[in-house]
Amino acid sequence: MSRPLLAVSLGDPNGIGPEVALKAARDPRATEAARLVAIGCAPMLEEQAACLGLGPVVAVASPTAEAPDDALAVWDPDPTFANAFRWGATTSEGGAHAMTAVAAACDLCMKGDVEGMVTAPLSKEAIQLAGYAFPGHTEFLQDRTRAESVVMLLASELDAGPLRVALATIHSPVSAVAGLVTAERIVKVATTLSAALRQDLGIQMPRLAVLGLNPHAGDGGVIGREEIEVIHPALESLRQLEIDVEGPFSADAFFGRAAWTRFDAVLAMYHDQGLAPFKALAMGGGVNVTLGLPIVRTSPDHGTGFDIAGQGIADPGSMVEAIRLAAQMARRRMEVRA
């Protein structure tokens, strides 16, 4: 099967998104997996490529137009944007640039012009300054595609085996988490997670581990009763749906003992409970995947890197892995449609 065409939104132009996209486009691990078209401000990318010595870049009139083998094609969804960037700055213009590219890449996927999208990092503060009332890519793409249920999954291929961590709640303040962790939510997220692992990764009978909410998974109700009153009933409901699930596990011991190696995915109750150990183990090689969308979307597992923007030292490893995983998922969906 031919390499799928992936749209790479460039993220905040003031961060390292354009740099890691340019570097990934020159990495054979990425280019052997997929054809790439960058989505964003073409003059900005051309200027950054020149500054960082990462060219060539070719502006194309259509996202499906071919570029020379040694060049990264860039399609500009809004040429009226000014070619202005300030490395390391949080600006409304940077947020607007980033979200215009994300929206355009999403629409290309929905129309079938590309087989998937890979999103370079954006600044949540910058997109708020630009007037977007979304905490991040995941919620924006769910709204734009009208997906009923989405799951944020972090994935990495480690020596001990594949590590995949999903979240029951995503960008929610810790003060709100306990109220958001309901049996209904756990069942919905775990069901979406299990179905996506089968559809996009080909895991026929996914084994899921569910973490507790409280320290030591509540210690029999001594440190909180959510495990007894919320999580256990949710697991029973999932088993009735013939979903292979175990838990709730104490989060600290679970990762410390490498228990994750016995499962195809781990469901954490909140952002830092799952992502802190994931990033400690994956060491910059992880991929953020949005499951449950009608399109393929992946992203590097790091942020905008404003502190190192423009220095040419950003590591493209996570972007390369995001491209490779998006290509794998896209090929599987293409095979199912064929």
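Okay, so the sequence shown: first residue is 197 according to the working numbering, each after it adds one.
Where a beta carbon is used, it is the ideal one built from N, C-alpha and C, also for glycine.
All values derive from a computational prediction rather than experimental measurement.
Run through the DSSP bridge pairs and tell me what residue i is partnered with.
{"i": "A522", "result": "In DSSP, A522 forms no bridge with anything."}
{"i": "F445", "result": "L407"}
{"i": "P402", "result": "Looking at the DSSP assignment, P402 forms no beta bridge with any residue, so it has no partner."}
{"i": "M313", "result": "A203 and R493"}
{"i": "D440", "result": "R403"}
Within the continuous alpha helix (DSSP H) that includes residue i, where are the two ends?
{"i": "V385", "result": "A379 to L397"}
{"i": "T334", "result": "H333 to T341"}
{"i": "P209", "result": "From DSSP, P209 is part of no alpha helix (DSSP H); its letter is neither H nor E."}
{"i": "P473", "result": "H467 to A478"}
{"i": "V216", "result": "G213 to A220"}
{"i": "S198", "result": "From DSSP, S198 is part of no alpha helix (DSSP H); its letter is neither H nor E."}
{"i": "E423", "result": "Run containing E423: none; DSSP gives neither H nor E here."}
{"i": "L325", "result": "K320 to L325"}
Taking residue i as the reference, which of the options has the closest Cα?
{"i": "G290", "options": "G499, D265 and L325", "result": "L325"}
{"i": "C305", "options": "A229, I235 and L407", "result": "I235"}
{"i": "A461", "options": "E517, I504, G499 and L404", "result": "L404"}
{"i": "G452", "options": "A472, S433, R435 and G207", "result": "A472"}
{"i": "T500", "options": "G284, G420, M479 and G508", "result": "G284"}
{"i": "G513", "options": "G488, A478, H293 and V385", "result": "A478"}
{"i": "D448", "options": "G416, S433, R222 and N410", "result": "N410"}
{"i": "I366", "options": "A413, V377, P358 and L359", "result": "V377"}
{"i": "V532", "options": "V310, L489, Q395 and D497", "result": "Q395"}
{"i": "A300", "options": "T286, F281 and L337", "result": "L337"}
{"i": "G506", "options": "A374, A263, G398 and Q244", "result": "Q244"}
{"i": "I491", "options": "R421, R340, I382 and V418", "result": "R340"}
{"i": "A455", "options": "V385, R231, L407 and G251", "result": "L407"}
{"i": "T315", "options": "G308, T296 and V253", "result": "T296"}
{"i": "A230", "options": "S198, A386 and T457", "result": "S198"}
{"i": "D303", "options": "P273, S288 and A292", "result": "P273"}
{"i": "T276", "options": "S258, M240 and P264", "result": "M240"}
{"i": "R151", "options": "P209, P259 and R528", "result": "Because the chain in this structure spans residues 197 to 534, residue 151 falls outside the shown range and cannot be described."}
{"i": "Y328", "options": "H428, V298 and G508", "result": "V298"}
{"i": "A386", "options": "N279, G332, L363 and Q400", "result": "L363"}
{"i": "G414", "options": "P429, S352, T286 and S446", "result": "S446"}
{"i": "V256", "options": "F330, E242 and G249", "result": "E242"}
{"i": "T457", "options": "R528, E353 and S288", "result": "E353"}
{"i": "G480", "options": "H498, I509 and L232", "result": "H498"}
{"i": "P252", "options": "G357, A351, G207 and A238", "result": "A238"}
{"i": "H293", "options": "M348, H412, I212 and L206", "result": "L206"}
{"i": "A518", "options": "L349, D503, S433 and K384", "result": "L349"}
{"i": "L248", "options": "I504, K475 and E335", "result": "I504"}
{"i": "P264", "options": "A510, T486, T227 and R527", "result": "T227"}
{"i": "F474", "options": "A351, E423, R527 and F330", "result": "A351"}
{"i": "Q400", "options": "F459, L359, A510 and L431", "result": "F459"}
{"i": "G482", "options": "P224, G508 and M515", "result": "M515"}
{"i": "H412", "options": "L431, G332, P444 and G508", "result": "P444"}
Residue range of the beta strand (DSSP E) that residue i falls in?
{"i": "S371", "result": "Careful: S371 lies outside any beta strand (DSSP E), inside the alpha helix (DSSP H) at V370 to L376."}
{"i": "E353", "result": "V347 to L354"}
{"i": "V418", "result": "V418 -> no beta strand (DSSP E), and no H or E assigned at all."}
{"i": "A362", "result": "G357 to L363"}
{"i": "A454", "result": "Looking at the DSSP string, A454 is not in any beta strand (DSSP E), and its letter there is neither H nor E."}
{"i": "A464", "result": "A461 to A464"}
{"i": "T486", "result": "V483 to L487"}
The ligand ADP and residue i: does the residue's C-beta get closer than 7 Å to at least one heavy atom of that ligand?
{"i": "D440", "result": "Only the bare structure without any ligand can be found here, which leaves the ligand ADP out of the picture."}
Run through the segment 224-294 for me and flag every whole beta strand (DSSP E) of 3 or more residues, listed as ranges in chain order. 231-235, 253-255 and 268-271
Count Cβ pairs between the segment 361-375 and the segment 454-473 that sit closer than 8 Å; are there 3 or more? yes
Across the segment 197-209 and the segment 516-527, are there enough close Cβ pairs to call them in contact, namely three or more that are closer than 8 Å? yes
Could you say if the segment 386-393 and the segment 438-445 meet the contact criterion of at least three C-beta pairs nearer than 8 Å? yes
Taking 8 Å as the threshold, find out whether the segment 341-352 comes into contact with the segment 315-322 through three or more Cβ pairs. no
Within the chosen definition, does the segment 256-274 reach the segment 217-235 through at least 3 CB pairs nearer than 8 Å? yes
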